[in-house]
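Visitor:
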Amino acid sequence: MTSHFTPRIYAILLMAAGYGWAGGHYIPQDAPATAYLFQAVILTILLILSAGVIRAMAAPTPLGRRYVLALTIFAILTLLINLANIVRGMTGAGPGGSHNALVDLVPIGLIIAGDVLWLASLRRSQ
């Protein structure tokens, strides 16, 4: 195992916890099945990429580098989306989404913390 194993695992756990929490918090009880499907797709993508990264950390392969790249792209995209969600919350536009109350910011903060930790772990591995 490499020295960046622990921060990467923490990053993955933070992202997963944030998305799990966000799914429970942001999806209303009467939401259509597509809302749950969307959340399940995000978590499934994170699970598949994370499993590939963990295998690659145990036994490095060229395919493992692709998983790291894919999870890096995932982290960048979700970081930008969640930062935009905070900006949207500042404007207070619409009844849905974040309004930057603490209850809204905790899952977003977990996701952002995981994204930033993942990206920081890349610098440590160079």
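Going by full-length UniProt numbering, the first residue of the sequence shown is number 1, and it counts up by one from there. Each residue gets a CB set at the ideal place from its N, CA and C atoms; glycine is no exception. Keep in mind it's a predicted model, so treat the numbers as computed, not measured.
(1) Which complete alpha helix (DSSP H) runs does the stretch 2-58 hold, if anything under 4 residues is left out?
(2) CB-CB under 8 Å to residue 70, same chain, minus the five flanking residues each way: which ones, in chain order?
(3) Name the two residues that bound the continuous alpha helix (DSSP H) containing residue 61.
(4) Within 10 angstroms of its Cβ, does residue 36 collect 16 or more other Cβ (buried), or is it exposed?
(5) Roughly how many angstroms lie between the CA atoms of residue 109 and residue 45, to the nearest whole one?
Guide: From the atom records:
(1) DSSP runs (the alpha helix (DSSP H)) wholly in the stretch 2-58: 5-26, 33-58.
(2) 49, 52
(3) Residue 61 -> no alpha helix (DSSP H), and no H or E assigned at all.
(4) exposed
(5) 20 Å
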